[in-house]
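Residue numbers (this note's numbering): -6 to 636.
Where a beta carbon is used, it is the ideal one built from N, C-alpha and C, also for glycine.
Owing to the predicted nature of the structure, the values given are computational and were not obtained by experimental measurement.
Below, the structure is given as structure tokens:
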């Protein structure tokens, strides 16, 4: 195995580094996986038994890929090497030593559905299901967040439900019963694997000593994405030989919202003062002009390990910076640009449109559909096919078409205690038409409902009647806004894990619908989008000749020949709520922008509309995103298209 020939100088230095703690800062497109693979191969080739090596990754797929490549790199093989996710490793250890914590070796692992079922059982046992109360999957997500951030459930319950009609103490009571039931069943959920593994290693020195002795070398991939539990487990296991190699990029730490702790990678040299630090800065992915923008943008985060991407590719052309009038002009420009790129030889599958939030792509999805350009939303379902959007659209659908049985069933199905039989009976009684302006029908409907369902309906009814009795009520955007305030905000908080994101979508829907002269025109566009082939399978999308639409978070780790970023305007990027509420908010948002730029191999286009319509019919001016304006403008080709 000729490492000199297989690796560049930076990679070679990291791969062949002597024993001890090693921090490998692998910038975007610099061969992170290659470095880890050859480090494993180098250790085995040096005489380290494979079963003395532990490789920790975030996906089983990443682990398999690395082990397969290491197997190819060396002839002696890597059989016996412990490789897999943190949860996989924790499961193996707990199977062998779980009795120290009171678990049998054959303990059951609850999958997501099992865990939600047990949470639901706890809600029913406490007789909380008869009142307005969060769904079991919402509570399960909250419990998971508490486990992975080592936060108190009490604090998270107050944070999430303190301003809503939910008693945080009741949430804590469900958590306590859920925890007790898991122990009674001798089972663990997915998060318990990490929690209990850390407990085992912390409380039982003999177990810790055994694995410290076993693992002579510990290697960790994507270290910037570790949470506090994972970082502690790594430090404990590597505490014997101290041969710990972690690979990551602080510039790409973008998952703070789901528990990743940016401080783990930043504090590594403090926790290991004798650590050697290696930087991989030679980029094999992008043209020099894209890398210049990437280096300039991340320089705005000085509290990081400074790195400068160096190109290996030849000069090409500067990225475009397109200043557009508004979201509509932006959508038309992107459609036109895709056509231009196709004529120059790019396939649609080579092109990705990225955005900070799902609702940013609303107008673009409409324009692509009108233009007949096949596109695949790889970050989730299309905007109007999301459950919460279909829920609120049922209000205007039943107003515009009293014979819309599906809209009637969807709207009533949101009410507590109202099931399919009740809905079918009412629909039959109304003769297959529900006229929201018929006093008798509304009275019949209200009389058929009971308890909380009836109280919820009485909050919705004024939203429907306002359509005729109030001129502003005829504005579709106003209807959505009123429905959200009167009913759906509370409903979403109790039914969705990502409540804030869903309500943000509904506020954007309200703004978007208000631009139409009639509700009929709005619903026609909705029908246009929801009747096309909405492919969401990522693997198939890579085979299909279709433009990719994705949030930036979902795009991490991927690359395209052409990347188009939309809504690079203040108020959209950075996300205001993240900047306002997160401790590291603005810095993490700037890292998101860096991730966007470094996905592009050849072409990068940044689109920044100058204005948005407001709910009152006015116009809001939007400056260029701070992340774009702080970059030397000579690095861009400025474009001001007109239509």
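State whether the stretch 226 to 244 contacts the stretch 110 to 127, with contact taken as three or more CB pairs (one from each stretch) at a distance under 8 Å.
-> no
Apart from the five residues on each side of it in sequence, which residues of its chain come closer than 7 Å, Cβ to Cβ, to residue 434?
-> 423, 427 and 428
Return the Cβ separation of residue 242 and residue 21 in integer angstroms, given the expectation that the two are a contact with Cβ distance under 8 Å.
-> 7 Å
In angstroms, rounded to a whole number, what distance separates the CA positions of residue 604 and residue 439?
-> 44 Å
Using three-state DSSP, classify residue 362 as helix, strand or coil.
-> helix
Determine the direct distance from the alpha carbon of residue 583 to that of residue 289, and round the result to whole angstroms.
-> 11 Å
Taking the runs of the alpha helix (DSSP H) that are 4 residues or longer, which of them lie wholly in the stretch 569 to 632?
-> 569 to 574, 578 to 590 and 619 to 622
Assuming residue 133 contacts residue 166 (C-beta within less than 8 Å), just tell me the rounded distance between them.
-> With a Cβ gap of about 15 Å, residue 133 and residue 166 do not count as contacting.
Do you know offhand how far residue 11's Cα is from residue 286's?
-> 35 Å
Mapping DSSP to helix, strand and coil, what is residue 226?
-> helix
Using the C-alpha atoms, what's the distance from residue 196 back to residue 56?
-> 29 Å
With a floor of 3 residues, list each beta strand (DSSP E) that falls wholly inside the stretch 177 to 238, ordered by position along the chain.
-> 180 to 182 and 210 to 213
On the three-state DSSP scale, how would you describe residue 306?
-> coil
Which value, in whole angstroms, describes the spacing of the CA atoms of residue 366 and residue 540?
-> 8 Å
At which residue ranges does the stretch 30 to 75 contain complete alpha helix (DSSP H) runs of 4 or more residues, listed in the order of the chain?
-> 53 to 66
May I ask you to check if the CB of residue 491 is nearer than 7 Å to at least one heavy atom of the ligand FMN?
-> For the ligand FMN, the structure offers nothing, since it holds no ligand at all.
Length of the line joining the Cα atoms of residue 18 and residue 237 = 14 Å
Whose C-beta lies closer than 8 Å to the C-beta of residue 78 among residues of the same chain, with five residues either side of it excluded?
-> 49, 50, 51, 52, 53 and 56
Among 62, 181, 45 and 147, which residue has its Cα nearest to the Cα of residue 94?
-> 181
Taking all protein chains shown into account, do 16 or more other C-beta atoms lie within 10 angstroms of the C-beta of residue 455, making it buried, or fewer, making it exposed?
-> exposed
Closest residue to residue 321 among 390, 41 and 355 (Cα-Cα distance) = 355
Separation of residue 581 from residue 632, as counted between CA atoms | 28 Å
Tell me whether the beta-carbon of residue 261 lies closer than 8 Å to the beta-carbon of residue 283.
-> no
Can you tell which of 588, 555, 537 and 151 has its C-alpha closest to the C-alpha of residue 547?
-> 588
Please name the residue in 202, 142 and 179 whose C-alpha comes closest to that of residue 253.
-> 142
Helix, strand or coil for residue 320, going by three-state DSSP, please let me know.
-> helix
Does the Cβ-Cβ distance between residue 506 and residue 480 come in under 8 Å?
-> no
Since residue 560 and residue 616 are thought to touch, with beta carbons under 8 Å apart, how far apart are those beta carbons, to the nearest angstrom?
-> Not really, about 13 Å apart at Cβ, beyond 8 Å.
CB-CB length for residue 595 against residue 555, believed under 8 Å = 6 Å
Roughly how many angstroms lie between the CA atoms of residue 371 and residue 75, to the nearest whole one?
-> 32 Å
Check whether residue 247 and residue 549 have beta carbons under 8 Å apart | yes
Backbone CA spacing between residue 130 and residue 163 [nearest angstrom] | 16 Å
Using CA coordinates, which residue listed in 323, 627, 585 and 194 is at the minimum distance from residue 294?
-> 585
Assigned exposure category for residue 84 - 16 Cβ within 10 Å defines buried | buried
Just the C-alpha distance for residue 264 and residue 216, rounded to the nearest angstrom, thanks.
-> 14 Å
Straight-line CA distance for residue 465 to residue 25?
-> Here residue 465 scores only 48 on pLDDT, less than 50, and its place in the model is too uncertain to base an answer on.
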